[in-house]
Structure formats: C-alpha cells, structure tokens
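Worksheet: the structure to be examined is printed underneath.
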Amino acid sequence: MRESVSIKEVAKMAGVSTATVSNVYSGKKPVNDDLVKRVCDAGNKLGYKVNRIASQLRSGKNNIVGVLVPDLSDPFFTSIITKLEELAQLSGYEIIVANSNDNEKTEQGRLDALLSWQPAGLVIIPCTDVIPSQLLGKGYVPPFVVADRVSDQNVSDTVVIDNREAGAIAASHLIDLGHRNLLLAASDLNIFPIRERCAGAQDSVARFGATSDIVELGSKPFRGADILSNWLDSDDRPTAIIATNGMTTLAILACLAKRKVDIPNQISVVGFDDYLWMSARKTSLTAVSQPTSDIANSVWECLKARMAGEKFARKKIVLSCTLAIRDSTCPLV
C-alpha cells in the first residue's frame, strides 16, 4: 500500500514552495489564482489529502465544529446544516456532520466519534429531550449549543422556536375558517417540540369550543401514511388536519393522495416547515414556516462567541414562526 502523499511532493509537482502549498490548503495567507490552480491540480493528480490532525498540532488550533442531528432525511435539519456550513466557512471553520438516525445508542456512538476530533465546538440537536451524557461528563467537552430540542438541564445555550405559538397559529387559522373538528398529526409525542405544538393547537381549539384528536405517525412518511389511513378508517373524518413537522406533512399528503381525498374541498391541510415544493404544487400548501436561517444564525453567533472564550449567562433564544396561507385550506361549507 502506498504511503500518503506529502506536502513536499505536491510542492515539487506544482513548482512552488511547501509554504505556498500550506497556504493554499489552510487559507492562512492569500495566494494568487494561478498558483492556487497549480497546487490544486497537482494535489488532485497525486491524491493529496490534508492531514487535519497534523495541521491542528502544528497550529495549536482546531477549526473543526461538529454538528449532530437526528435525521438527515428531514429537510429541516439539512437546511440548518447548509446555513451553518456557510457561516462556519466565513469564520474559518469546517463542519463535520453526524446523523443519529433518531436512535439514542447511535447518537452516543456518533457523538464519541465527533468528540475524538476534539472539535472547537459542537451543535447538538438531540434525538430525545435529554442532552447526551458525554456532554455532562468529565472528558473533553467543547463549547456547545443545543438547538430545536430542549433538555430540562440548564447546562448549555439553546436556540428554539416558540412551539406552542406554532401550533396555535395553525389551529387558529383553521378555526377562523369555521373548522371545529381538527386532527393533529404528531410524529412522536416523546419529543418536546411535538408535544408543545400539539398543546398550542389544543389551547386554541379549547378556546373556541372545537374538538381535536391526536394521532402519532412516527418519523417515516410512508409508514405514517399507513397509520393515518388506518386511523381514518376507524374514526370520524376530521374537516382539517395539522402537521407538526415536515415528515408528518409528507405522510398526510401521501395518505390523502392514496385515498383520493380532495384538498381542501374534502379536508383542509396545514403543513409544517415551508419548502419550495409546497408552493410549487397544483394545490399549494398552507404551512407553518420555521425561521431556519435565523435559527442557524443564532446558533452560530452564540457558539462562535463561546469558542472565542467570551463569558456570559447561558442564553435561551426563542424565535417565532409564521403562517404561509395558500390553497390547501378553505372555509368550511
């Protein structure tokens, strides 16, 4: 097996100094475009890979930030990651992403892997309401920010949305349209934001003397569609359904499409998370819109300050959602 390519080999092929190669890959000093191209072409031909650990030892500084999320198939989490990558790059950091697959044991293993890099900071979206135990122990724990899901333990900065408000604005919109029999499509009621969104919707329902039911669909859209279909077979059909996240939105649409239910004339639907495809449909979706860019900005600014050594009281940043009203909801006839 061939040993790894050295920086000297890249420099020799590119006809430049090793310092120039180092500056190209580290970004510490500006290098003109012609030299950058020569170095990168040489590195690609030789199969050169930057040794991040060696670079860390030489500089005494780690520019790695770890991000752990519950489900990379969920566009909400990938939207947060995309924005974090952009912000991190502007600040001279690199992002490593890990996916816990909504499994606590997997979460522990992925977090151990991230911590083995001794990152400068971490962004954690736990798969439960509890902060992973590794972040509460005696080993190496960098500054970290918890997003989206909140633990009862006041040990970190947090960035969340007002989940009760999010559920309330969805339910209030439907009640204003005359709906009095609502179904709340939860993914997992063991998760704090989902419980709060349902509670906010139920608060609005109770104030107007309406009724509501809750059905748990899980995190897999097609499995959720089957669960919802079975529920509709055995219970009185609601006049409107509210999703509590992006995955339950997809489950609702898949179920109603299979049953050939007309939206909104037979059932009004409020989705959750607002993506381009929701307005690109023939029947565009009314949806609760999370401020993903603001969430990522708040997370990064807080983490960046902690990584810089700033001392301040733990922050709990709460952001508000909006409701994008489109064609999937209509007045009850």
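Going by my numbering, the first residue of the sequence shown is number 168, and it counts up by one from there.
Idealized CB from N, CA, C, for every residue including glycine.
Just so we're clear, the structure is a prediction, and the values are computed from it rather than from any experiment.
Nearest residue (CA-CA) to residue i, options the options
i, options, result
"Asn321", "Asp329, Phe311, Ile328, Thr411", "Phe311"
"Thr273", "Ala424, Thr295, Pro286", "Thr295"
"Ala501", "Asp329, Val203, Phe243", "Outside the displayed range of the chain (168 to 500) lies residue 501, so it cannot be described from this structure."
"Val191", "Leu344, Asp241, Asn464, Val206", "Val206"
"Ala454", "Pro405, Ser339, Ile263", "Ser339"
"Val372", "Leu351, Asp494, Ala209, Ser171", "Leu351"
"Ala335", "Asn357, Ala366, Val317, Leu349", "Ala366"
"Gly376", "Val382, Glu383, Ala368", "Ala368"
"Asn229", "Pro309, Asp201, Asn412, Lys482", "Pro309"
"Ser460", "Leu213, Val198, Leu251, Val236", "Leu251"
"Arg347", "Glu363, Gln301, Ser435, Asp324", "Ser435"
"Asp380", "Ser386, Ala392, Leu399", "Leu399"
"Val326", "Glu477, Pro498, Lys478, Ile462", "Ile462"
"Ala337", "Leu239, Lys305, Met474, Asp441", "Asp441"
"Asn268", "Ile292, Ala287, Gly288", "Ile292"
"Gly288", "Ala480, Leu470, Pro498", "Leu470"
Beta-carbon proximity check, residue i vs residue j, cutoff 8 Å
i, j, result
"Ser184", "Ile174", "no"
"Gln457", "Cys488", "yes"
"Val264", "Val297", "no"
"Val290", "Val466", "yes"
"Met445", "Asp241", "no"
"Ala418", "Leu395", "yes"
"Ala231", "Glu261", "According to the sequence provided, residue 231 is Ile. The question's Ala does not apply to it. Going by C-beta atoms, Ile231 is nearer than 8 Å to Glu261."
"Tyr307", "Leu282", "yes"
"Ala407", "Phe439", "no"
"Gln301", "Gln275", "yes"
"Leu452", "Ser495", "yes"
"Thr187", "Val198", "yes"
"Asn330", "Arg374", "no"
Whole-angstrom C-beta distance between residue j and residue i, which should lie under 8 Å
i, j, result
"Ala314", "Ile247", "7 Å"
"Ala353", "Ile361", "5 Å"
Sheet register partners of residue i (DSSP bridge)
i, result
"Val290", "Val234, Val312"
"Glu383", "Ala353"
"Val110", "Residue 110 is absent from the structure shown; the chain starts at 168 and stops at 500."
"Val485", "Val327"
"Ile263", "Gly233"
"Ala491", "Ala454"
"Asn348", "Thr378"
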